[in-house]
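Here's the structure we're looking at; comments come further down.
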Amino acid sequence: MTRFDRYLLRFFVKVLIILFISISGLTMVIDVFSNFTEFAQYGKEGGGIGQVLLEYYGARILAFFDRTNALFCLLAAVFSIAWLQRTNEMTALLAAGIPEQRVAKPLVIASLAIALLAAANRELMLPNYRDKLSR
29 MTRFDRYLLR
39 FFVKVLIILF
49 ISISGLTMVI
59 DVFSNFTEFA
69 QYGKEGGGIG
79 QVLLEYYGAR
89 ILAFFDRTNA
99 LFCLLAAVFS
109 IAWLQRTNEM
119 TALLAAGIPE
129 QRVAKPLVIA
139 SLAIALLAAA
149 NRELMLPNYR
159 DKLSR
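Every letter in the sequence shown is one number past the one before it in the working numbering, and letter 104, counting from 1, is 132.
Written as structure tokens, this is what we have:
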């Protein structure tokens, strides 16, 4: 793995994490405000509203990752390549004789690794939370 591969993967992972946190956070905030009365009622019955939100959204985050990982990988890869274009790093790479397929190779491998992580999440983690996801 070359230094450039590590640089590109680090950027890809940063973008992926930022996308996941921002979109899942936005989704949770919208859901909390639309169902706030139910959360407040369950919070009074047991453990406080923070505990109720943690139990409810802990399992929902795993399901959200399962549904959106492919989209986030695609967006992170497109953003990473666009960033290389914007900062003229792609021009330097192509001038050095590195083909475009070689530049995209670390992104494809990282996307496959995330797809494997999502499959493991779907097969190993989500079945443990099926009762919490059905409420």
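Beta carbons are placed, not taken as given, at the ideal position from N, Cα and C, and that holds for glycine.
query: Using C-beta distances below 6 Å, list every residue in its chain close to C101, excluding the 5 sequence neighbours before and after it, in chain order.; result: S139, I142
query: Could you tell me the boundaries of the alpha helix (DSSP H) in which I126 lies?; result: From DSSP, I126 is part of no alpha helix (DSSP H); its letter is neither H nor E.
query: Straight-line CA distance for V60 to F67?; result: 8 Å
query: Within the continuous alpha helix (DSSP H) that includes T65, where are the two ends?; result: 64-73
query: Where does L44 land, buried or exposed, given buried means 16+ other C-beta within 10 angstroms?; result: buried
query: What is the DSSP secondary structure of G78, reduced to helix, strand or coil?; result: helix
query: Going by the CB atoms, is the gap between L36 and P134 shorter than 8 Å?; result: yes
query: Considering only their Cβ atoms, is the gap separating S62 from I206 smaller than 8 Å?; result: Residue 206 lies beyond the residue range present for the chain, which begins at 29 and ends at 163; the question has no answer from this structure.
query: At the level of alpha carbons, what is the spacing between N156 and S162?; result: 12 Å
query: What are the start and end residues of the alpha helix (DSSP H) that includes R158?; result: 158-161
query: Assign M118 to one of three DSSP states: helix, strand, or coil.; result: helix
query: Any idea if A104 is buried or exposed, counting beta-carbon neighbours within 10 angstroms, 16 or more meaning buried?; result: buried
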